[in-house]
Amino acid sequence: MGLPKCLNFLILAWSLYVICNKKNGVEGLHKIYPQLQSISAPSVGTLHQTGYHFQPPRNWINDPNAPMYYKGLYHLFYQYNPKGSVWGNIVWGHSVSRDLINWKVLEPALYPDKPFDRYGVWSGSATVVPGRGPIILYTGVIDERSNEVQCYAVPANASDPFLTKWVKPDDYNPIAIIEQGVNGSAFRDPTTAWWIDGHWKMLVGAKKKHRGEAYLYNSKDFVNWVRAKHPIHSAPNTGMWECPDLYPVSLRSKKGLDTSIVGNSVKHVLKNSLDVTRYDYYTVGTYLWKKDKYIPDNTSEDGWGGLRYDYGNFYASKSFFDPSKNRRIIWGWANESDSTEDDVKKGWAGIQGIPRSVWLDPSGRQLVQWPVEELNNLRKKEVQTSNQILQKGDYFEVKGITAAQADVEVTFSFSSLNKAEPFDPSWVNAQDLCAQKGSKIQGGVGPFGLLTLASKRLEEFTPVFFRIFKAPNKHVILMCSDASSSSLANELYKPSFAGFVDVNLANKKLSLRSLIDHSVVESFGAGGRTNILSRVYPTLAVDNHAHLFVFNNGTEKITVKSLKAWSMRSANIN
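In the numbering used here, the protein residues as written are 125 to 698.
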């Protein structure tokens with residue numbers, strides 16, 4: 125049974141509005157559709173549903189709230205609409221896993237059912253407090269004007285590894301309220317807390333006029349919190365800082381660190397999700413814990429032009445320390461890039477990116493991210509090739525795998541950089557440069573890479589590729605994931621996502637890994653130094669009709685030194 129004609133018309137009108145107002149593939153602020161929030165599709169559309177990226181069986185999800193490891197289980201909480209596939213009716217969805225890949229969906233953990241969160245239970249974090257167990261910190265909305273406070277919840281039974289029931293104590297909630305000088309509707313998303321010098325500390329994202337800020341709070345007992353006199357850090361002209369995150373990274377190892385670690389052997393990372401751009405930015409710097417200040421290094425911009433976790437559709441990320449394997453893991457949300465009408469009809473919207481291990485690059489200037497090792501357990505049939513030469517205009521197909529649900533690792537090499545195109549210093553925006561010089565425009569060294577989710581005759585394809593330019597005293601590497609040719613369908617957002625790659629080319633090699641999953645192409649360039657997640661919706665290159673190609677469209681000969689590709693099993697999520 126289809127949707128009523130009147131609702132089809134309503135959905136179409138709303139979707140046209142959204143397409144005209146979308147930013148970067150996700151909606152700038154959640155658009156509110158009261159008429160659509162509780163419409164449940166008669167059946168779930170599976171055409172572009174992912175096989176191994178996390179998403180509940182149906183309905184809307186957004187921010188990953190409070191990932192953590194507790195009593196042998198990984199817990200993932202997330203903003204979830206149990207009644208429909210647009211934003212609204214938000215609760216805290218809850219799923220558990222033993223391997224970060226296969227998940228059991230539980231009953232929601234938090235509902236808006238108290239005076240201090242009656243109008244919303246927004247994002248937050250979890251902290252495992254020694255001797256007490258896990259505690260959730262989250263944002264509650266107290267009125268129709270969207271004034272926000274910070275709240276906490278505890279498990280009804282901390283000995284239950286599944287943590288199926290949560291309690292919001294009335295005695296202390298809310299734990300942080302709107303004070304003088306605080307913008308009540310821009311005051312949200314408390315971080316995981318850390319313990320230092322006899323106090324628990326946490327951050328809350330905020331905005332003061334056009335300045336993004338992270339407020340610092342202190343507590344001796346985790347229930348009575350006092351705001352510090354000044355933000356731990358702020359930056360002008362960045363807008364609201366959502367979902368802040370502060371954590372240490374080792375200067376000596378890829379191993380992750382507990383959030384409370386400080387000292388001379390670590391740097392700190394401060395990440396903010398900028399509400400204006402809908403991207404996640406970070407800096408590497410120094411946490412001066414005695415002064416309650418964070419000072420970013422001068423190796424990257426502290427603002428819109430700065431480093432990102434991901435240069436594609438990846439937002440509201442949250443990290444946690446996994447003590448079982450001594451690693452820090454990042455989760456991020458990828459919204460849909462189709463229309464609201466499509467989302468309502470298919471009965472679902474939103475996925476989480478593959479969880480990524482993260483560590484500090486040896487240069488100390490940036491992070492490195494890589495899919496968690498457990499993902500490899502989904503690999504099945506493997507194909508490989510090596511030392512394949514691609515002249516200008518050459519391409520070949522990678523056969524023998526399910527190209528719509530695959531994992532590909534490839535290393536490219538080139539004998540010379542002499543043919544690299546001159547780099548114009550005005551090319552400061554990688555995404556604009558990718559749109560200008562896409563995979564179809566011949567270059568010198570590049571473009572070369574993969575054509576993912578491609579139709580047989582290339583009417584549709586999503587290229588993921590590199591292009592190398594020559595600037596004074598250095599080379600500039602552009603990495604693109606270009607959705608402009610991804611689908612013959614209209615009313616889609618099809619951006620040319622891109623980022624620059626900071627890596628030494630002395631060995632004249634570049635590596636690429638792409639996780640292909642029906643409507644997702646999640647790519648890791650140069651070992652995870654530049655990463656791009658794209659959402660695409662092919663009409664021809666679907667299921668068994670999808671193909672995977674390797675190509676070169678530059679005058680410099682490219683050698684595929686090694687390529688391995690695997691068909692991927694579907695994860696169990698139920």
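Glycine included, every Cβ here is placed at the ideal spot set by N, Cα and C.
- contact_flag[the stretch 656-664, the stretch 605-614] where n(CB pairs < 8 Å) is 3 or more: yes
- Item | Residue from Asp485, His392, Ile478, Gln203 with nearest C-alpha to Glu497 | Ile478
- Are the stretch 368-383 and the stretch 430-439 touching, with three or more C-beta to C-beta distances below 8 Å? The stretch 368-383, when compared against the stretch 430-439, does not touch it at the 8 Å Cβ threshold.
- Message: Check for me: the beta strand (DSSP E) holding Gln179 runs from which residue to which?
- Response: Note, Gln179: premise wrong, no beta strand (DSSP E); not H, not E.
- Message: Extract the residue ranges of the beta strand (DSSP E) inside the stretch 367-452, only unbroken runs of 3 or more that lie entirely within it.
- Response: 390-398, 403-412, 417-420, 439-446
- Starting from the Cα of Thr410, find the closest Cα among Asn450, Ile163, Ile385 and give me that residue. Thr410 has its Cα closest to that of Ile385, out of Asn450, Ile163, Ile385.
- Task: Please go through the same chain and pick out, in chain order, the residues whose beta-carbon is closer than 6 Å to the beta-carbon of Lys146, but skip the five residues on each side of it.
- Result: Because the pLDDT of Lys146 is 41, which lies under 50, any placement of that residue in the model is unreliable, and the number read from its coordinates should be weighed accordingly. Cβ within range, chain order: Tyr617.
- Which term fits Gly652, buried or exposed, when burial requires 16 or more other beta carbons within 10 angstroms of its beta carbon? The residue is buried, with at least 16 neighbouring Cβ atoms inside 10 Å.
- Drop a sphere of 10 angstroms on the beta-carbon of Ile214, count the other beta-carbons inside from all chains shown, and report buried for 16 or more, exposed for fewer. buried
- Query: If you drop the 5 nearest sequence neighbours on each side, which residues of the same chain put their C-beta closer than 6 Å to that of Leu261?
  - Reply: Gly248, Ser249, Tyr276, Pro314
- Task: Determine the burial state of Glu680: buried for a count of at least 16 other Cβ atoms within 10 Å of its Cβ, exposed for fewer.
- Result: buried
- Could you spell out the range, first to last residue, of the alpha helix (DSSP H) harbouring Val468? Unbroken alpha helix (DSSP H) run through Val468: 464-470.
- Message: I'd like to know if the stretch 501-511 and the stretch 683-691 are in contact, where contact means that at least 3 CB-CB pairs between them fall below 8 Å.
- Response: Counting Cβ pairs under 8 Å, three or more are found: they touch.
- Message: Checking the sheet assignment: what are the DSSP bridge partners for Leu574?
- Response: Under DSSP, Leu574 takes part in a beta bridge, and its partners are Val588, Val674.
- Output the distance between the C-alpha atoms of Gly678 and Gly570, rounded to the nearest integer angstrom. 4 Å
- Item | Range covered by the beta strand (DSSP E) that runs through Ala689 | Element bounds for Ala689: 682-692.
- Message: Can you check which of these residues, Met192, Asp416, His334, is closest to Ala251 by C-alpha distance?
- Response: Per the sequence shown, residue 251 should be read as Thr rather than Ala. Out of Met192, Asp416, His334, Met192 has the C-alpha closest to the C-alpha of Thr251.
- Query: With contact counted as at least three CB pairs below 8 Å, one residue from each stretch, are the stretch 453-473 and the stretch 204-221 in contact?
  - Reply: yes
- Query: Just curious, the beta strand (DSSP E) that Leu634 is in, first and last residue?
  - Reply: 633-641
- Could you name each continuous beta strand (DSSP E) segment of 3 residues or more that falls completely within the stretch 202-252, going from the start of the chain to the end? Runs of the beta strand (DSSP E) inside the stretch 202-252: 215-221, 228-234.
- Item | Segment contact, 8 Å Cβ cut-off, at least three pairs: the stretch 530-546 with the stretch 556-573 | Verdict: yes, contact present.
- Let me know if Pro279 comes out buried or exposed under the rule of 16 or more other beta-carbons within 10 Å of its beta-carbon. buried
- Query: In whole angstroms, what is the alpha-carbon distance linking Trp349 and Glu272?
  - Reply: 16 Å
- Message: Please state whether the Cβ-Cβ distance between Met326 and Tyr339 is less than 7 Å.
- Response: No, these two residues do not count as a Cβ contact at 7 Å.
- Message: Tell me which residue opens and which closes the alpha helix (DSSP H) that Asp556 is part of.
- Response: 554-560
- Query: How many angstroms separate the CA atom of Val150 from the CA atom of Trp551?
  - Reply: Only weak support exists for where Val150 lies, its pLDDT of 34 falling under 50; the value from the coordinates is given anyway. Cα-Cα distance, rounded: 24 Å.
- Asp446 to Val168, Cα distance in whole Å? 34 Å
- Task: Throw me the rounded Cβ distance for the Ile320 and Lys417 pair, which I believe falls under 8 Å.
- Result: Between Lys417 and Ile320 the Cβ distance is about 13 Å, and since that is not below 8 Å, they are no contact.
- Query: Which residues does DSSP pair with Asn342 in a beta bridge?
  - Reply: Lys325, Val350
- Buried versus exposed, by CB contacts within 10 Å (16 or more), Ile697: buried
- Task: Using 10 angstroms around the beta-carbon of Glu303, count the other beta-carbons present and answer buried if the total reaches 16, otherwise exposed.
- Result: The residue is exposed, with fewer than 16 neighbouring Cβ atoms inside 10 Å.
- Item | Beta-carbon contacts of Lys688 that lie in its chain and below 6 Å, excluding the five residues immediately before and after | The answer, listed in chain order, is Gln508, Glu533.
- Task: Could you spell out the range, first to last residue, of the beta strand (DSSP E) harbouring Thr654?
- Result: 654-659
- Message: For the stretch 444-462 against the stretch 153-162, do three or more pairs of beta-carbon atoms, one drawn from each stretch, fall closer than 8 Å, so that the two count as touching?
- Response: With the cut-off at 8 Å, the stretch 444-462 and the stretch 153-162 do not touch.
- Query: According to DSSP, which residues form a beta bridge with Leu602?
  - Reply: Arg591, Phe624
- Message: Nearest by alpha-carbon distance to Phe589: which of Leu582, Lys564, His599 is it?
- Response: Lys564
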